[in-house]
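In what follows, a single structure is set out as structure tokens and then discussed.
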Amino acid sequence: MLFSIITVCFNSEKTIERTIKSVLGQKFKDFEYLIIDGDSKDRTMEIVRQYEPLFEGKMKWISEQDHGIYDAMNKGIEMASGELIGIVNSDDYYEQDALEQIAKAYPGDEYCVIYGMLRKVINGKEVMVYLKNHDFLDEDMIAHPSCFVSAKVYEKYGRYSLKYAYSADYEFMLRIKRHAEVKFIAVYHIISNFSLDGASGSVKAYRDTLRLKNEYHLIGKKEYRMKMIKSWIALKIKRT
Numbered sequence: 016m017l018f019s020i021i022t023v024c025f026n027s028e029k030t031i032e033r034t035i036k037s038v039l040g041q042k043f044k045d046f047e048y049l050i051i052d053g054d055s056k057d058r059t060m061e062i063v064r065q066y067e068p069l070f071e072g073k074m075k076w077i078s079e080q081d082h083g084i085y086d087a088m089n090k091g092i093e094m095a096s097g098e099l100i101g102i103v104n105s106d107d108y109y110e111q112d113a114l115e116q117i118a119k120a121y122p123g124d125e126y127c128v129i130y131g132m133l134r135k136v137i138n139g140k141e142v143m144v145y146l147k148n149h150d151f152l153d154e155d156m157i158a159h160p161s162c163f164v165s166a167k168v169y170e171k172y173g174r175y176s177l178k179y180a181y182s183a184d185y186e187f188m189l190r191i192k193r194h195a196e197v198k199f200i201a202v203y204h205i206i207s208n209f210s211l212d213g214a215s216g217s218v219k220a221y222r223d224t225l226r227l228k229n230e231y232h233l234i235g236k237k238e239y240r241m242k243m244i245k246s247w248i249a250l251k252i253k254r255t
């Protein structure tokens, strides 16, 4: 089987080398690596080109303007030719046996999501290791950097909605979980490392997720309004 690994990046010269190395160093070698750059103005693409020969034809990349991170992810999915697609962004990185662990758990089904444990990191130090189970997806998102989705799922149920600037991955999982034929499989092994310095920790991201939960009727209108007001106040305080 073939994995398609996608890395989305923009002006990521400080972190992308670690991400690239984590893909290059995988024990499981049957993969292609797709780097989707948003027309970086720093040394990001210089670093990508430096490592390209080491992948011996397995790496492909594009560098052009996009409409945000999820538009870039969709471009990568369009380019992918593997059975399972994983997305590891430029400030995150895989464990050396990540693909090996996912391959062991892959049942060969056309419609599946395999996800593993995530290590959260701040300034290179571990702060938390966790696995959020898909049975509680209505409450919180499973760890996207540790997720691998079969290509058939994207083909049948669509890709990431550009309606949500921060939570489109969560919306995608909620959307496909409504279909019984899509199997969610948990792997109790650390798959990826996630930097807490990314965009998904912001107040804006929190408000984006609240809007999503409201539209999917996962929270009541009263709770939605109260949390939006509180987050608006927090945003105002942050700006002062």
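Under my numbering, the residue at position 109 of the sequence shown is numbered 124, and the numbers go up by one with no gaps. Even glycine gets a Cβ: it sits at the ideal position worked out from N, Cα and C.
Measure the CB-CB distance between S161 and I206 and report whether it falls below 7 Å. yes
Take I20 as the anchor and find which of N229, K237, S105 and R193 has the nearest alpha-carbon. S105
Taking E141 as the reference, which of L114, D153, D107 and K167 has the closest Cα? D107
Within a Cβ cutoff of 6 Å, which residues of the same chain sit near T30, ignoring the five residues on either side of it in sequence? S105 and D106
Work out the CA separation of E47 and E93 for me, nearest whole Å. 13 Å
Given a threshold of 16 other Cβ atoms within 10 Å of its Cβ, counted over all protein chains shown, does Y181 qualify as buried or as exposed? buried
How many Å lie between L211 and N138 at the Cα? 9 Å
Buried or exposed (CB count within 10 angstroms, at least 16 for buried), Q116: buried
Through-space distance from A87 to I244, alpha-carbon basis: 31 Å
Take A118 and list the residues in its own chain whose beta-carbon comes closer than 6 Å to its own, dropping the five residues that flank it on each side. F43
Going by DSSP, what residue range makes up the alpha helix (DSSP H) through I234? Unbroken run through I234: none, as it is neither H nor E.
Reduced DSSP secondary structure (H/G/I, E/B, other) of A201: strand
What is the residue span of the beta strand (DSSP E) that L177 lies within? Note, L177: premise wrong, no beta strand (DSSP E); not H, not E.
Identify the continuous beta strand (DSSP E) that holds D52 and give its terminal residues. F46 to D52
7 Å Cβ cutoff met for I100 and V23: no
Same chain, Cβ closer than 7 Å to S215, five either side skipped, listed in chain order: Its pLDDT being 48, under 50, S215 is placed unreliably by the model, and nothing is read from it.
Note down, in chain order, each residue of its chain lying with its Cβ closer than 8 Å to the Cβ of M132, except the 5 sequence neighbours on either side. V144, Y145, L146, A158, S161, V202, Y203, H204, I205 and I206
Ignore the nearest five residues each way along the sequence and tell me which others in E170's own chain have a CB closer than 6 Å to its CB. none
Enumerated in chain order, which unbroken segments of the beta strand (DSSP E) with a length of 3 residues or greater are wholly contained in the region 16 to 95? 18 to 24, 46 to 52 and 74 to 78
Look at the Cβ atom of L69, then the Cβ atom of L39, and state whether they are nearer than 7 Å. yes
Are D57 and E28 close, meaning C-beta to C-beta below 7 Å? yes
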